[in-house]
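S.K.:
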Amino acid sequence: MIDLVEELHYGANILLGYFHYCTKGFHPFSLDWNAEQNVLMAELNPEQVEFVKKTAAHVKTNGNFYSVPC
């Protein structure tokens with residue numbers, strides 16, 4: 007019985023991971039990284055903020071390529 011519960015829990019985690027992937031996969035790239043509160047929340051240094059900004063611009067430009075049919 008314990009094995010069944012563990013397998014169900016494992017399956018639920020997979021479904022939850024897929025749900026999060028489909029619904030919020032690009033969320034960090036849609037934030038305003040010029041806003042100080044977002045940078046403070048993420049605890050990023052200036053180099054990391056610049057990387058996220060450039061990645062966000064890339065995702066915005068090529069977003070259809072990365073979309074997943076959910």
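Residue numbers for the sequence shown, in my numbering: 7 to 76.
No residue lacks a Cβ here, since even glycine has one placed at the ideal position from N, Cα and C.
This one's a predicted model, so the numbers in the text were calculated from it and none came from an experiment.
Would Ala62 pass as a contact of Leu46 if the rule is Cβ separation under 9 Å?
M.R.: No. Outside cutoff.
S.K.: Nearest to Lys66 by alpha carbon, out of Glu12, Asn51 and Pro34?
M.R.: Of Glu12, Asn51 and Pro34, the residue nearest in Cα terms is Pro34.
S.K.: Could you compute how far the alpha carbon of Lys12 sits from the alpha carbon of His64?
M.R.: Note on residue identity: the sequence assigns Glu, not Lys, to residue 12. Each residue's Cα considered, the two are about 40 Å apart.
S.K.: Grab the span of the alpha helix (DSSP H) containing Glu42 for me, first residue to last.
M.R.: First-last of the alpha helix (DSSP H) with Glu42: Glu42 to Ala48.
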